[in-house]
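What follows is one structure encoded as structure tokens, with my remarks underneath.
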Amino acid sequence: MIEKIAVFDLDHTLIKGDSSALWAEYLHELGWITSPDFKHQHQQMMETYANGNLDMCAYLALNLSPLMGREYERVYTEAERFVSERILPLIYPDAVHLIHQLRQQGEHLLMISASEVFLVEPVANALGFDGVIGIDVEHHEGKITGNPLLPLSYQEGKIHHYHAYLERFNTSESQVISRFYSDSHNDIPLLEKVQFPVAVNPNDALLQVAQEQQWPILNWS
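In full-length UniProt numbering, the protein residues as written are 1 to 221.
Put into structure tokens, the structure is as follows:
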């Protein structure tokens with residue numbers, strides 16, 4: 001049973017940037033993305049994400065298209081290299097300090113993100129998290145099909161995965177002291193579920209809600 005849990009979003013919360021967008025740039029460099037329209041389409045979708053209107057299934061179809069038919073193990077290996085080279089240097093020092101402090105206090109650490117799990121997991125491992133939730137992808141005979149596994153860990157979907165995670169430890173929402181750190185209004189559903197919501201470098205929409213609800217606001221640089 002989990003007594004205390006600290007849940008963290010990844011992109012723009014723990015790191016200065018978006019792991020999926022940076023991963024797309026990395027895939028361009030690898031030569032895995034050849035479509036001349038990919039970058040423009042990706043940028044358009046990131047703008048709709050910022051507005052809270054992203055069709056996540058369409059976004060994932062685009063993001064996973066360069067990986068279709070590739071060996072999952074090869075993709076994971078490249079993701080580990082990418083995280084080591086491009087993501088770990090973007091982690092906020094304040095985040096590292098807080099994670100260490102929470103661990104010392106006996107908090108169970110969970111990272112939950114709407115980025116692909118093969119990007120999220122290496123970051124969580126590097127920071128010593130106890131658990132990780134990201135968008136998992138279907139693979140058949142070891143090769144990526146291009147389809148995400150549902151439900152997605154996005155908006156209300158994060159609540160589903162959070163509850164399922166607690167159940168693995170024979171813990172219910174009412175039994176655990178919970179806190180959640182996020183930058184985005186897309187995470188308001190889960191922020192409203194936990195006992196101690198915290199806005200970290202919040203976007204404008206989340207900042208407004210955090211101020212109205214008198215949630216703590218952290219500004220990391």
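Note that CB positions come from ideal geometry on N, CA and C, so glycine has one too.
Bear in mind that the values here come from a model prediction, so they are computed numbers and not experimental data.
> In terms of residues, what are the limits of the alpha helix (DSSP H) holding S172?
Replying inline: The continuous stretches of alpha helix (DSSP H) do not include S172, and DSSP gives it neither H nor E.
>> Please report the straight-line C-alpha distance between R179 and L109, rounded to a whole angstrom.
In response: Each residue's Cα considered, the two are about 10 Å apart.
> Looking only at DSSP bridge pairs, what is D130 linked to?
Replying inline: Looking at the DSSP assignment, D130 forms no beta bridge with any residue, so it has no partner.
> Sorry if obvious, but does the Cβ on Q155 come closer than 7 Å to a heavy atom of the ligand FMN?
Replying inline: Among the components modelled here there is no ligand, and therefore nothing to report on the ligand FMN.
> How about the stretch 95-105 and the stretch 48-58: do they share at least three Cβ pairs that are nearer than 8 Å?
Replying inline: Between the stretch 95-105 and the stretch 48-58, the count of C-beta pairs closer than 8 Å stays below three; the two stretches do not touch.
> N203: which of I5, H12 and T34 sits nearest, CA to CA?
Replying inline: Comparing Cα-Cα distances from N203 to each of I5, H12 and T34, the minimum goes to H12.
>> Quick test of the definition: if touching needs 3 or more C-beta pairs under 8 Å, does the stretch 2-11 touch the stretch 182-195?
In response: Yes, the stretch 2-11 is in contact with the stretch 182-195.
> Considering only residues of the same chain and omitting the five flanking positions on each side of L62, which have a CB-CB separation below 8 Å?
Replying inline: Correct list, in chain order: F38, Q41, H42 and M45.
> Applying the criterion that 16 or more other CB atoms from any shown protein chain within 10 Å of the CB defines a buried residue, is S221 buried or exposed?
Replying inline: The Cβ neighbour count for S221, taken over all protein chains shown within 10 Å, is under 16; the residue is labelled exposed.
> So does the stretch 66-75 actually touch the stretch 155-170, counting three or more Cβ pairs closer than 8 Å?
Replying inline: By the Cβ test, the stretch 66-75 is not in contact with the stretch 155-170, since fewer than three Cβ pairs between them sit closer than 8 Å.
>> Measuring alpha carbon to alpha carbon, tell me which residue in G142, L191 and V137 is nearest L149.
In response: Ranked by Cα distance from L149, the first of G142, L191 and V137 is V137.
> Three-state secondary structure (DSSP) at Y154?
Replying inline: Correct three-state label for Y154: coil.
> Is the beta carbon of V209 less than 8 Å from the beta carbon of I188?
Replying inline: The Cβ atoms of V209 and I188 lie closer than 8 Å to each other.
> Where does L88 fall in DSSP's three states?
Replying inline: Helix, per DSSP.
>> Could you compute how far the alpha carbon of F129 sits from the alpha carbon of G69?
In response: Rounded to the nearest angstrom, the two C-alpha atoms are 31 Å apart.
> Assuming V198 and L166 make a contact with CB atoms under 8 Å, what is their CB distance in whole Å?
Replying inline: Actually they do not touch by this definition, with Cβ atoms about 19 Å apart.
> Taking only runs of the alpha helix (DSSP H) that begin and end inside the stretch 2-70, which ones reach a length of at least 4 residues, in chain order?
Replying inline: Entirely contained in the stretch 2-70, the alpha helix (DSSP H) runs reaching 4 residues are, in chain order, 19-30, 38-50 and 56-64.
> Would you say A79 and L27 are within 8 Å of each other, going by their C-beta atoms?
Replying inline: No, Cβ-Cβ distance for A79 and L27 is not below 8 Å.
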